[in-house]
Amino acid sequence: MSLSRRTFLGATAASFAAGRVFAASKAKIRIGLLLPYSGTYAALGNNITDAMKLVAGKLGNKLGGREIEWVAVDDESDPAKAPANVNKLISGEKVDILTGPVHSGVAMAMMQIVRQEKTLTIVTNAGAQAVTGQLCAPNVFRTSFSNWQTSYPCAEVMLKDGRKKAVLMFWNYSFGQESMAAFKEGYSKGGGTIVKEIAVPFPQTEFQANLSEIASLKPDAVFVFFAGAGAAKFVKDYADAGLRDKIPLYGSGFLTEGVLGAQGAAAEGIKTTLHYADSLDNGPNKKFRAAFKEATGREADVYAVAGHDTVHVLAQALDKVQGDTSAQKELIAALESVRLDSPRGPFRFSKAHNPIQNIYLRQVKGGKETVIGIAQKEAEDPAFGCAMVK
Amino acid sequence: MSFSLFALQVLNGVEQGLLLFLVASGLTLVFGVLGVLNFAHGSFYMLGAYLAYWIAARTGSLLAAVLIGVPVMALLGLVVERLAIARLYKRDHLSQVLLTYGLVLLFNELQRALFGNDVHGVDTPTVLAFRIPLGSAQEWPAYRVFTAVACILVAAAMRQVILRTRFGMRVRAGASNAEMVEALGIDVRKLFSVLFSAGTALAALAGMLAAPLTTVYPGMGEGVLVLSFVVVVIGGIGSIKGAFLGALLVGLSDTFGKVLLPGFSSAVVYAVMAAVLLLRPRGLAG
Amino acid sequence: MIARILLVAGALALLAVGFSGDRFWLQFMGKAMIGCIFAMSLDLLVGYTGLVSLAHAAFFGLAAYLLAGLSNAAGFVNPLATLPICLAGAAAAALVIGWLSLRAAGVYFIMVTLAFTQMFYYLFNDAPGLGGSDGLYVQERPRFLGLDFSERTTAYFAIWIALVIVYLLLLRMLRAPFGHVLVGIRANEQRMRSLGYPTRRYKLTAFVIAGTLAGLCGYLDATLYGFVNPAQFSWRQSGLVLMTVLLGGKGTLYGPALGALLLTFVEHYGERVTEHWNALIGALVIAVVLFLPRGLAGLLRD
Amino acid sequence: MLSGELRATAGRVRLRGADVTHFPPDRLSRMGVGRSYQTANVFPELTCEECMWLAAQSRAHTSMIFFSPAARIAGAERALQACGLMARRSTRAGELSYGEQRQLEIGMVLATEPSLLLLDEPLAGLGHDEASRIVALLREVARDRTLVLVEHDMDAVFSIADTVTVLVGGRVLERGSPEQIRASPAVREAYLGTEQP
Chain A
124 MSLSRRTFLG ATAASFAAGR VFAASKAKIR IGLLLPYSGT YAALGNNITD AMKLVAGKLG
184 NKLGGREIEW VAVDDESDPA KAPANVNKLI SGEKVDILTG PVHSGVAMAM MQIVRQEKTL
244 TIVTNAGAQA VTGQLCAPNV FRTSFSNWQT SYPCAEVMLK DGRKKAVLMF WNYSFGQESM
304 AAFKEGYSKG GGTIVKEIAV PFPQTEFQAN LSEIASLKPD AVFVFFAGAG AAKFVKDYAD
364 AGLRDKIPLY GSGFLTEGVL GAQGAAAEGI KTTLHYADSL DNGPNKKFRA AFKEATGREA
424 DVYAVAGHDT VHVLAQALDK VQGDTSAQKE LIAALESVRL DSPRGPFRFS KAHNPIQNIY
484 LRQVKGGKET VIGIAQKEAE DPAFGCAMVK
Chain B
1003 MSFSLFALQV LNGVEQGLLL FLVASGLTLV FGVLGVLNFA HGSFYMLGAY LAYWIAARTG
1063 SLLAAVLIGV PVMALLGLVV ERLAIARLYK RDHLSQVLLT YGLVLLFNEL QRALFGNDVH
1123 GVDTPTVLAF RIPLGSAQEW PAYRVFTAVA CILVAAAMRQ VILRTRFGMR VRAGASNAEM
1183 VEALGIDVRK LFSVLFSAGT ALAALAGMLA APLTTVYPGM GEGVLVLSFV VVVIGGIGSI
1243 KGAFLGALLV GLSDTFGKVL LPGFSSAVVY AVMAAVLLLR PRGLAG
Chain C
5 MIARILLVAG ALALLAVGFS GDRFWLQFMG KAMIGCIFAM SLDLLVGYTG LVSLAHAAFF
65 GLAAYLLAGL SNAAGFVNPL ATLPICLAGA AAAALVIGWL SLRAAGVYFI MVTLAFTQMF
125 YYLFNDAPGL GGSDGLYVQE RPRFLGLDFS ERTTAYFAIW IALVIVYLLL LRMLRAPFGH
185 VLVGIRANEQ RMRSLGYPTR RYKLTAFVIA GTLAGLCGYL DATLYGFVNP AQFSWRQSGL
245 VLMTVLLGGK GTLYGPALGA LLLTFVEHYG ERVTEHWNAL IGALVIAVVL FLPRGLAGLL
305 RD
Chain D
13 MLSGELRATA GRVRLRGADV THFPPDRLSR MGVGRSYQTA NVFPELTCEE CMWLAAQSRA
73 HTSMIFFSPA ARIAGAERAL QACGLMARRS TRAGELSYGE QRQLEIGMVL ATEPSLLLLD
133 EPLAGLGHDE ASRIVALLRE VARDRTLVLV EHDMDAVFSI ADTVTVLVGG RVLERGSPEQ
193 IRASPAVREA YLGTEQP
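Residue numbers (my numbering), protein chains in the order written: chain A, 124 to 513; chain B, 1003 to 1288; chain C, 5 to 306; chain D, 13 to 209.
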């Protein structure tokens, strides 16, 4: 009796231990989404999420053999609420991997916490330099872009076009400021002169006063950073003021992303640089765009591509470690060695964990964004101030 | 700054101010007569712009959008007044602020549900799709001239209505003493309904006229709302004339703030407001 | 009596959370308690003095930025130094804004405070070196005598103590002559003046006290999270806290605190229920204004 | 205008030789000018005691005290006694009868210890009993203070006043003791009409 009892206990203990191992490998993998589902950037948040779920679905809803459980929080693109929202996902929901956000103010709040908590984090949009610069961390990766990457290459493009005197105009918030800093770096290096920098308070969209100023300054070209509603309005105002045909307009790619329809004919001829273009002619892009359209009824865009790549990157790395998220060191090493044939072209991580990717030169022709070349091949963010880059 | 550039900037400021006047006039009327501070006024502006986009995209005509949209918005104003605002007349400012703030949140969701989160452009009417050359380098789109003229016409029409008609007389009486009007046997409830609906229509009309200029986007009402408050405070609450002066002042100070004090331009408008308050606590016309 | 027992029980329950050691709840309830102080301080204006201010978030944000500046630029970490400076900064701003805004009465006052809030927002959003819309980190959070307030438990207890002190302080102030004068001003300002009270001075004093307490909230928030952002200045934050006061029951002190706690929970769980979360809040506000003008406290009393 | 709530468009207001034309009401009150309003103007949400307390407190120079509880003030008690509302001390002012509200209001003015009282139609809207109670109260009050009374009820005026000024259409018609006014044919014609006592 006593023997069988001991055997029974032993057996229970063994099965319990085995159960734990089993649970660790087979428990659902919890992926946190910190994205805007309401407010100005809701469309971006939805596209990233839908692309992630679409790709995950194609992979059988599993990463490294573990079924995916999504935990989404609407960050409302409100940095004031961001710390509480991040706390909710990390300490409350105990997610294994955190992804997001769109707004870089939210990203900064998130960085503060994930650097402390060591949560594996993939930034899916926010381009703030600090994420893979000053604040870079082994557990933080970015699948989108750095602000530098979207603007620096444009300086060379402008100089090659023979535009040596430029006016800069931008929304005075960090995205705009960092884009301008990167552009200036490249432009002065190449011998260009900046006639005037015009900072417009974000999110104001009243540009008339500044357009009159530009008209009186008569530069060779204007380089701008605006996005969304501001971009749509600016491009229209610029054309309405009769400047489009006199002073060519250049910009970071966000000037025309998603607002080309709203801009209409006013956008014709604008040259921009970005790590993606809807019309990129490669297999993965065509395949993804078709699948996205079929699943959601909407056109895929640069944001959806970031979502697409995030899940593929995670799938590759988690397969290597058999889904064991607790082995963080190995998982990070696996992520660092990821190579992806993305819709945007070849994709890999730099030492600072920012993508190394092609930056394309695009021009609006006949109402469509066409790729007219590669502005910078395999552009790598300089990662100023990142301790992981030696 | 050369003289021609200066003149151009004055023009820009005036044009911006005129559009602002259209929004602020509705706000100040509703406050002056109904005594209700309406935070949802910006939402009416936004909904007007979205309606302009939606109808113009289907009919291809902004004029049609205005002809259909303005009555629709006036009707919406009537419904809102009856269902919600009418319960506020005897309540304190806190209730008014909060209830209309709640309306702002609701209307934002309504806009999301009906029109989505995308940014939309609205084409300028083809008749007005030409440009007027100004100086050597810059041109002014004819549509901007049109909106400026339209705003002046609306302002003049409002003046005529308020000074010369029975309705206007009641409005003026109501603005100075609502109890008195009631005592005179005028149906105040009806007067209030009509006026609120008119205020709504004005905000919506401003949104529609502005749509081709500003593009249409979520949250576009809030910036306009706060600026309208500044206009009303500067002008003196309840005064159309004050709103007109205030709007021009705000338009001009914003324009010149941008040129002369880049980087702090958005604070300039508020500094002007603080200065006006210091000198005339009840506004320019108060 | 029952109310007092409930209050003490509530305070003890909040204290107990501090011993749980749960990282989520510490920060979550810490934030909620800051919300309580924030709402109570506004109640001093809205509920007792009859001043509807939309500038409250400005003082919150200002103190938070001051802490970040003191820590990052000057390396100040001792709260005995930073707390007085931050509170003084908030008080000074409240004095200036209050002095200007109180020249205007009634609805003017609301609009002017709103405009000042926007001005502060833009100043901090646009000023170079303040991190723009990305905000700033508080590099070194307050610490002294071996207490490190970047530890969630330590910060939590500090917030709890602040909450209790502020509640008792406000309670006492409202029972003192000063509090009676404020109530008199809300009830009938014209009469108060004809009785010989320079009412504007009293209103300004109340405004500065409330602004200073809002600054305390900003200080605590920056300590708890180590992150400040211009969005903390936005008029939406001011609107939200105004709503909290009404939801809880203005003029009751404990009501707004209750409202803040409730709203924190509604927000946490409500977001899962519906994507149209903001419509839910909007409907809630409208319902409270129309059907529950005395707020939760009014419900409890009946 | 005399109490500082309306701005004078022309002319001067003097108090004990000082020009107080542009003084705000609170300052005038502190100089000893107390006033009541045409319609009862009290704090409806507060109890009688609290109203009195607020009034008396305005003279106590301790209103900026933040942290010690408000103590009872002797002046408030006296004023409650004087206006005859001792028994109603913990009733909310809004729940009092109109006459009692008037009593309360006069009591509040008394609690500020004024040397000059401006009373705007203190009897307006009152019944006969209530009015006579107020008249008695005012007669008491007038004993050691200056009282300026604007009133249409001539009986009341004659029983309280030392000097009566009759204004018609904004002009002074006659000024004198109650007896003189009673006897004045001009006043009788213009104001009293056929209603002669």
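Even glycine gets a Cβ: it sits at the ideal position worked out from N, Cα and C. Only a predicted model underlies this, so the values are computations on that prediction, with no experimental measurement involved.
Check residue i in the structure and name its three-state DSSP category.
i, result
"K513 (chain A)", "coil"
"R28 (chain D)", "coil"
"A137 (chain A)", "For A137 (chain A), the predicted model reports a pLDDT of 43, less than 50, meaning its position is unreliable and no value from the coordinates is stated."
"I189 (chain C)", "helix"
"F295 (chain C)", "helix"
"G1237 (chain B)", "helix"
"N233 (chain C)", "coil"
"Q480 (chain A)", "strand"
"H140 (chain D)", "helix"
"F145 (chain A)", "Here F145 (chain A) scores only 43 on pLDDT, less than 50, and its place in the model should not be relied on; the value that follows carries that caveat. Residue state, collapsed to three classes: helix."
"T206 (chain D)", "Note that T206 (chain D) scores 48 on pLDDT, short of 50, meaning its location in the model is unreliable and no value can be drawn from it."
"V194 (chain A)", "strand"
"A67 (chain C)", "helix"
Please name the residue, chosen from the options, that lies closest to residue i on a Cα-to-Cα basis.
i, options, result
"P505 (chain A)", "A:S335, A:A253 and A:V461", "A:A253"
"H272 (chain C)", "C:A68, C:I285 and C:L49", "C:I285"
"S1230 (chain B)", "B:F1246, B:G1221, B:P1220 and B:Y1219", "B:F1246"
"F293 (chain A)", "A:R265, A:P326, A:E308 and A:G313", "A:P326"
"A17 (chain C)", "C:A301, C:V292, C:A287 and C:L265", "C:L265"
"A984 (chain B)", "B:G1019, B:Y1055, B:G1034 and B:V1068", "In this structure chain B extends from 1003 to 1288, so residue 984 (chain B) is not present and cannot be described."
"S24 (chain C)", "C:P202, C:T157, C:Y258 and C:L208", "C:T157"
Please list the terminal residues of the continuous beta strand (DSSP E) segment that includes residue i.
i, result
"S2 (chain D)", "Residue 2 (chain D) lies beyond the stretch modelled for chain D, which goes from 13 to 209, so this question has no answer here."
"I213 (chain A)", "Per DSSP, I213 (chain A) belongs to no beta strand (DSSP E) and is neither H nor E."
"G188 (chain D)", "R183 to G188"
"A388 (chain A)", "Segment: none, A388 (chain A) is in no beta strand (DSSP E) and carries neither H nor E."
Going by beta-carbon coordinates alone, are residue i and residue j separated by less than 8 Å?
i, j, result
"K394 (chain A)", "Y373 (chain A)", "yes"
"I321 (chain A)", "P1214 (chain B)", "no"
"E93 (chain A)", "T379 (chain A)", "For chain A, the structure presents residues 124 to 513; residue 93 (chain A) sits outside this window and is missing."
"F1041 (chain B)", "L1227 (chain B)", "yes"
"G1050 (chain B)", "M1210 (chain B)", "yes"
"M33 (chain C)", "P260 (chain C)", "no"
"F128 (chain C)", "F231 (chain C)", "no"
"T273 (chain A)", "G162 (chain A)", "no"
"A67 (chain D)", "L178 (chain C)", "no"
"A165 (chain A)", "T1217 (chain B)", "no"
"L1024 (chain B)", "V1129 (chain B)", "no"
"V178 (chain A)", "H398 (chain A)", "no"
Along the alpha helix (DSSP H) that carries residue i, what are the first and last residues, could you check?
i, result
"A429 (chain A)", "V425 to K443"
"D464 (chain A)", "Looking at the DSSP string, D464 (chain A) is not in any alpha helix (DSSP H); the run it does join, the beta strand (DSSP E), is R462 to S465."
"A298 (chain A)", "Going by the sequence as given, residue 298 (chain A) is Phe instead of Ala. Looking at the DSSP string, the run of the alpha helix (DSSP H) that includes F298 (chain A) is S297 to K312."
"Y1091 (chain B)", "First-last for Y1091 (chain B): undefined, no H or E at that position."
"L4 (chain C)", "Residue coverage of chain C in this structure runs from 5 to 306, which leaves residue 4 (chain C) outside it and unanswerable."
Cβ-based contacts, 9 Å cut-off: residues of the region 151-170 of chain C near chain D
Those would be none; no residue qualifies.
Near-chain D residues of the region 188-219 of chain C (beta-carbon distance less than 8 Å), N- to C-terminal order
Against chain D - using a Cβ distance shorter than 8 Å - the residues of the region 188-219 of chain C are G188, A191, N192, Q194, R195, M196, R197, S198, L199, G200, Y201, P202, T203, Y206 and T209.
For the region 100-119 of chain C, which residues have a beta carbon sitting closer than 7 Å to at least one beta carbon of chain B?
Interface annotation for the region 100-119 of chain C against chain B: L104, R107, A108, G110, V111, Y112, I114, M115, V116, L118 and A119, criterion Cβ-Cβ distance under 7 Å.
Members of the region 1254-1285 of chain B near chain C, C-beta cut-off 9 Å:
So the close ones are G1265, F1266, S1267, S1268, A1269, V1271, Y1272, A1273, M1275, A1276, L1279, L1280, P1283, R1284 and G1285.
Against chain C, which members of the region 56-74 of chain D pass a CB distance test of less than 8 Å?
Those residues of the region 56-74 of chain D that come within reach of chain C (Cβ to Cβ, closer than 8 Å) are P56, E57, L58, E62, W65, L66, A67, Q69, S70, R71, A72 and T74.
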